[in-house]
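*Asks:*
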Amino acid sequence: MSEYLDIPAGRRIAFQRSSGRGPGVVFLGGFKSDMTGTKAAWLHDWAREQNRAFLRFDYSGHGDSSGSFEEGCIGDWFQDAHQVIEALTDGPQVLVGSSMGGWIALLVARAMPQRVAGLVTIAAAPDFTQQGFWAGFDDAQRQTLLRAERIELPSDYSDQPYVITRRLIEDGRDHLVMDQPLPLSVPVRMLQGTADADVPVDWAMRLLGHAAGDDIRLTLVKGADHRFSTPECLRLIGQSIDDVLA
1 MSEYLDIPAG RRIAFQRSSG RGPGVVFLGG FKSDMTGTKA AWLHDWAREQ NRAFLRFDYS
61 GHGDSSGSFE EGCIGDWFQD AHQVIEALTD GPQVLVGSSM GGWIALLVAR AMPQRVAGLV
121 TIAAAPDFTQ QGFWAGFDDA QRQTLLRAER IELPSDYSDQ PYVITRRLIE DGRDHLVMDQ
181 PLPLSVPVRM LQGTADADVP VDWAMRLLGH AAGDDIRLTL VKGADHRFST PECLRLIGQS
241 IDDVLA
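Here the sequence shown stands for residues 1 to 246, numbered as in the UniProt record's numbering.
Listed below in structure tokens is the structure:
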């Protein structure tokens, strides 16, 4: 059953958490996903078996949280994560970020390093609004976005199209992490499937090369897709958290 946190920005954030020992684990979901997804649910059960504190939540405009997805942007969702971690967890946390959640996790690590014990990213997509959407648009699409303030793209995960707004693109530029130094003093485990059609392997390689830290590792899983939700992939996520905690 979801609980709710009202944050100062006026948004109501749905969350589920379970108590246990620390450092706790916080799951940060992907673009237009919610906390009922396979990875989030698996991690909930994993944490309970480990007696590990665990928190999952829906960004505003996602799942059971307030707001409209189309009105949201990276800055809003980063703020949601920041507020949730600050209000609902104690001490340093291991952040597990999937796709867009990997970008959010990096922003959180930059903003509140004292509250981060480690990072596990799954097909991390830092700066995807710029290096994915905007870079992939042709001139006509860019003009449509600037003129109409929005553009619709087909989704492989839903019958409903992705609505990409001008605000999402422009706000994304204010939260880039690949255009400036990215020091990470905590253990980092990056997971990436070679058959991922949404986040290319070379994004993972670029992030590995760009991030600075003494304990950063990238694991490539041959044949794994963007969902990264097979039993083998899920077990690897758990093993990566154990590795960070060790």
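Cβ coordinates follow ideal geometry from the N, Cα and C atoms, glycine included.
Thinking C-beta only, is LEU28 closer than 7 Å to GLY101?
*Replies:* A contact, by the Cβ cut-off of 7 Å.
*Asks:* So, for ASP58: in the same chain, excluding its five sequence neighbours on each side, which residues have a beta-carbon less than 6 Å away from its beta-carbon?
*Replies:* Closer than 6 Å at Cβ, skipping near neighbours: ALA14, ASP34, MET35, ASP64, SER65.
*Asks:* Have a look at ASP106 and ASP127 and give me their C-alpha separation to the nearest angstrom.
*Replies:* Here the sequence assigns Leu to residue 106, which means Asp is not the residue at that position. If I take the Cα positions, the gap works out to 11 Å.
*Asks:* By the DSSP assignment, the alpha helix (DSSP H) with PRO231 in it spans what residues?
*Replies:* Note, PRO231: alpha helix (DSSP H), 231 to 245.
*Asks:* First and last residue of the alpha helix (DSSP H) that includes ASP76?
*Replies:* Element bounds for ASP76: 74 to 88.
*Asks:* Beta-carbon of ILE104 versus every beta-carbon of chain B: anything under 7 Å?
*Replies:* In the displayed structure, chain B is absent; only one protein chain is listed.
*Asks:* Tell me which residues share the same chain as LEU208 and place their Cβ nearer than 8 Å to its Cβ, disregarding the 5 neighbours each side in the sequence.
*Replies:* Hits under 8 Å: MET190, ILE216, LEU218.
*Asks:* Please determine, among ARG147, TRP134, THR194, the residue with the shortest C-alpha to C-alpha distance to LEU153.
*Replies:* For LEU153, the nearest C-alpha among the options comes from TRP134.
*Asks:* State the start and end residues of the unbroken alpha helix (DSSP H) segment that holds MET190.
*Replies:* Note, MET190: premise wrong, no alpha helix (DSSP H); beta strand (DSSP E) at 188 to 193.
*Asks:* Where does PRO23 land, buried or exposed, given buried means 16+ other C-beta within 10 angstroms?
*Replies:* By the neighbour-count rule (16 or more Cβ atoms within 10 Å), PRO23 is buried.
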